[in-house]
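Undergrad:
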Amino acid sequence: MRIQPPPGGLSLFDHQPELFAAFNRFYGTLWTDGVVDEAAKEVGRLRNARVVDCGI
Amino acid sequence: MPVTADVRVPRRLAPSFAALEAEVWATNDPVLLDCCRLRLAQLVGRTVEPRFAPADKVAGLRRWPTDPAFTEAERAVLDFCEHYAIDAGSVTDAHAARLHEHFDEPALAALTTGIAFFDAVGRVANAQES
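Here the protein sequences come in this chain order: G and C. Take the first sequence: its position 18, counted from the start at 1, is 17 in numbering that gives the first Met the number 0, and no numbers get skipped. Take the second sequence: its position 89, counted from the start at 1, is 88 in numbering that gives the first Met the number 0, and no numbers get skipped.
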């Protein structure tokens with residue numbers, strides 16, 4: 000892992016909890032609100048991950 | 000911290016988007032992050048106004064590898080930033096090692112998030128205008 004989590008943390012985001020919380024509030028709104036259904040958003044998420052070779 | 004006018008955001012997303020951007024600025028060196036924001040915009044053919052980057056860095060940004068306005072730490076970040084934006088798979092352990100010479104883990108967590116944020120903003124803005 001190129002950025003180690005802090006002791007007791009699970010991911011790099013645990014270094015910046017307020018930033019992570021702000022990201023999660025935005026991300027949650029992005030998923031649950033708006034005119035595009037969640038299945039279509041998921042297709043975009045997976046396609047983006049494949050393009051950058053992310054293993055989700 | 001100001002909220003970006005770089006991209007149009009749906010009204011219902013605007014509050015959480017603005018809060019995220021404020022936190023991105025608050026957790027980073029604003030001059031360094033602004034240099035990344037400006038460089039990311041250059042890479043996709045956009046022009047955005049500087050917010051925190053001083054005139055000498057703005058003027059030299061296209062020549063960052065050699066321009067005297069930039070420190071070695073800033074060059075390490077801009078090198079990573081360019082590789083991340085052009086092809087994330089081209090980021091290497093050498094990039095990470097170079098960043099670790101200048102920044103600790105919390106700074107890198109904030110920096111990578113900030114770069115990802117403005118990379119996404121630029122891509123979305125381009126899509127909105129195309």
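Just so it is clear, CB atoms sit at the ideal spot from N, CA and C, and this is done for glycine as well. Predicted model only: the values in this text are computed from it and were never measured.
Which first and last residues belong to the alpha helix (DSSP H) in which H82 (chain C) is found?
TA: Here the alpha helix (DSSP H) through H82 (chain C) covers E71 to I85.
Undergrad: T92 (chain C) versus chain G: which residues are under 9 Å apart at the beta carbon?
TA: Rather than Thr, the amino acid found at residue 92 (chain C) in this sequence is Asp. Those are R1, listed as they occur along chain G.
Undergrad: Using a Cβ cut-off of 7 Å, pull out every chain C residue sitting near L45 (chain G), in sequence order please.
TA: The premise fails here: L45 (chain G) is roughly 16 Å from chain C at the closest Cβ pair, so nothing lies under 7 Å.
Undergrad: Does E41 (chain G) get closer than 8 Å to chain C when you measure Cβ to Cβ?
TA: No - not a single Cβ of chain C is within 8 Å of the one on E41 (chain G).
Undergrad: Could you give the residue range of the alpha helix (DSSP H) that holds P14 (chain C)?
TA: Segment A13 to A25, the alpha helix (DSSP H) holding P14 (chain C).
Undergrad: For the alpha helix (DSSP H) that contains V50 (chain G), what are its first and last residues?
TA: First-last of the alpha helix (DSSP H) with V50 (chain G): E37 to V50.
Undergrad: Among C:D55, C:D103 and C:A75, whose alpha-carbon lies nearest the alpha-carbon of D66 (chain C)?
TA: The shortest C-alpha separation from D66 (chain C) is found at C:D55.
Undergrad: Are the C-beta atoms of D52 (chain G) and some chain C residue less than 8 Å apart?
TA: Closer than 8 Å: yes.
Undergrad: With H, G and I counted as helix, E and B as strand and the rest as coil, what does DSSP make of D118 (chain C)?
TA: DSSP places D118 (chain C) in helix when its eight states are reduced to three.
Undergrad: Starting from V30 (chain C) and walking both ways along the alpha helix (DSSP H), at which residues does that stretch end?
TA: P29 to L42 is the span of the alpha helix (DSSP H), which, as asked, contains V30 (chain C).
Undergrad: When you compare only the Cα positions, how much space is there between L60 (chain C) and V8 (chain C)?
TA: Each residue's Cα considered, the two are about 28 Å apart.
Undergrad: Is the Cβ of A132 (chain C) closer than 8 Å to any Cβ of chain G?
TA: Outside the displayed range of chain C (0 to 129) lies residue 132 (chain C), so it cannot be described from this structure.
Undergrad: What are the boundary residues of the alpha helix (DSSP H) that includes T91 (chain C)?
TA: Counting along the chain, T91 (chain C) falls outside any alpha helix (DSSP H), and DSSP gives it neither H nor E.
Undergrad: Touch check for the region 65-82 of chain C and the region 20-38 of chain C: three-plus C-beta pairs under 8 Å?
TA: Segments in contact, yes.
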